[in-house]
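Student: At position 28 of the sequence shown (counting the first as 1) the number is 430 in our numbering, and the numbers step up by one without a gap. Even for Gly, the Cβ is constructed at its ideal location relative to N, Cα and C. Remember, it's a predicted structure, so these values are computed and weren't measured experimentally. After the structure tokens below, expect a handful of questions from me.
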Amino acid sequence: MKNLSQSFRKLFFSIKCSVCGKIIETETQYICHECFRILRRKSEMKNIDNYYFLYYYDEDIKKIITDYKLKNRKVLSKEISILIKKPLKELIREKRINIVIPVPISSNRMKERGFNQVEEILKELRIDYETIDRIRDTEHMYSILEEKKREENIKKAFKNNEINANGKNILIIDDIVTTGSTIREIVKEITKKTSPKEIYIFSIAMSKFFKK
Ligand SMILES: [Zn+2]
403 MKNLSQSFRK
413 LFFSIKCSVC
423 GKIIETETQY
433 ICHECFRILR
443 RKSEMKNIDN
453 YYFLYYYDED
463 IKKIITDYKL
473 KNRKVLSKEI
483 SILIKKPLKE
493 LIREKRINIV
503 IPVPISSNRM
513 KERGFNQVEE
523 ILKELRIDYE
533 TIDRIRDTEH
543 MYSILEEKKR
553 EENIKKAFKN
563 NEINANGKNI
573 LIIDDIVTTG
583 STIREIVKEI
593 TKKTSPKEIY
603 IFSIAMSKFF
613 KK
């Protein structure tokens, strides 16, 4: 009887690893031990000037972030948090960051997804942050490859109403930096009325299309 109920449980609650697709036995996990170990090993902080990141945007990272954002696997925020905790907290300390700003998502995206993927991770890590507004709904950036169109799409999409960045060290956080056009637009908005001391960027993954 026990065996039977166990196999029923497996049938209905089987969870596949977000990376390799292997069935995971526990219900609280979305990345299998093997894949998690590999991800841990690869999670060294890298940077291109003031853009800091942990991973290159390869197939494995793509699967995790897609699962997390688009398949609503909100629980993945826990596992992602474990991976980025140490390097991110070190960066915040080292660069004497005063204000952390997650890239905001549009209200439509919020309706679709129900959560901001970056804020969720920051909450998990108990890192305080301040927000700017996303005032314009935009196309999904991942569907636009041409840089000119990406820039056009994201133009004037943000509004900083509350953050006074004067003399402060700012850290903008996103999940993936692709060409950097979203970040540049946010920087433009933040520096419009205030003068931060320094602006750094942190993302979980960095695309090979990025050019500073
Ligand atoms: Zn796996």
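1) So is R536 buried or exposed if we call it buried at 16+ other beta carbons inside 10 Å?
2) Flag this pair as yes or no: are the beta carbons of Y432 and I417 separated by less than 8 Å?
3) Check whether the segment 513 to 523 touches the segment 597 to 604, counting contact only when three or more Cβ pairs, one atom from each stretch, lie closer than 8 Å.
4) Just grab the DSSP bridge partners of D576 for me.
5) Could you spell out the range, first to last residue, of the alpha helix (DSSP H) harbouring I486?
6) Measuring alpha carbon to alpha carbon, tell me which residue in V421, L493, K497, K558 is nearest L441.
7) Relative to the C-alpha of K614, which candidate in K444, R439, V579, R538 has its C-alpha closest?
8) Which one of Y531, T581, S509 has the shortest CA to CA distance from F560?
9) Excluding the five sequence neighbours on either side, which residues of its own chain have a C-beta within less than 7 Å of the C-beta of E522, listed in chain order?
10) Closer than 7 Å: is that where the CB of I433 sits relative to any heavy atom of ligand 1?
11) Helix, strand or coil, according to DSSP, for Y432 in the structure here?
12) Please return the same chain residues whose Cβ sits closer than 6 Å to the Cβ of S445, not counting the five positions on each side in sequence.
13) Can you check which of these residues, K487, P504, D530, is closest to I585 by C-alpha distance?
14) Measuring alpha carbon to alpha carbon, tell me which of K558, E427, E591, G582 ends up nearest K610.
15) Relative to the C-alpha of I466, which residue among F438, M447, K488, K448 is closest?
16) Using CA coordinates, which residue listed in E591, P598, Y459 is at the minimum distance from A567?
17) Among Y453, N452, I546, E526, whose alpha-carbon lies nearest the alpha-carbon of K488?
18) May I ask you to report which of helix, strand or coil DSSP gives I499?
19) Pull the bridge partners of N449 from the DSSP assignment, please.
Tutor: Concretely, from the data shown:
1) Start at 1 with the first residue of the sequence shown, and residue 536 comes out as number 134. Classification for R536: buried.
2) As a first step, residue 432 must be located in the sequence shown, where it is residue number 30. As a first step, residue 417 must be located in the sequence shown, where it is residue number 15. Cβ distance < 8 Å, so Y432 and I417 count as in contact.
3) no
4) In the sequence shown, residue 576 corresponds to position 174, counting from 1. Answer is S605, bridged to D576.
5) Reading the sequence shown from its first residue, position 84 is the one you call residue 486. Unbroken alpha helix (DSSP H) run through I486: 478 to 496.
6) In the sequence shown, the residue the question calls residue 441 occupies position 39. Checked all of V421, L493, K497, K558; the closest Cα to L441 is V421.
7) Here residue 614 is taken as the residue at index 212 of the sequence shown, counted from 1. With distances taken between Cα atoms, K614 lies closest to V579.
8) As a working mapping, residue 560 is identified with position 158 in the sequence shown. For the residues Y531, T581, S509, the minimum Cα distance to F560 belongs to S509.
9) Position 120 of the sequence shown, counted from the first residue, corresponds to residue 522. If we look at E522 and ignore the five residues flanking it on each side, its Cβ neighbours are K476, S479.
10) Against the sequence shown, residue 433 aligns to sequence position 31. Answer for I433: yes, Cβ within range of ligand 1.
11) Locating residue 432 in the sequence shown gives position 30, where the first residue counts as 1. Reduced to three states, the DSSP call for Y432 is coil.
12) Along the sequence shown, read from residue 1 onward, the residue named residue 445 stands at position 43. So the list reads L456, L485, once near-sequence residues are dropped.
13) Walking along the sequence shown from the start, residue 585 turns up at place 183. Minimum Cα distance to I585 is reached at P504.
14) Within the sequence shown, residue 610 is the residue found at index 208, counting from 1. The option with the nearest alpha carbon to K610 is G582.
15) Reading the sequence shown from its first residue, position 64 is the one you call residue 466. Of the listed residues, the one whose Cα sits closest to I466 is F438.
16) In the sequence shown, counting from the first residue as 1, residue 567 sits at position 165. Among E591, P598, Y459, the Cα nearest to that of A567 belongs to P598.
17) Taking the sequence shown and counting its residues from 1, the one referred to as residue 488 is at position 86. The residue with the shortest Cα to Cα distance from K488 is E526.
18) One-based indexing of the sequence shown puts residue 499 at position 97. Three-state result, I499: coil.
19) Residue 449 sits at position 47 when you count from the first residue of the sequence shown. DSSP lists Y454 as partners of N449.
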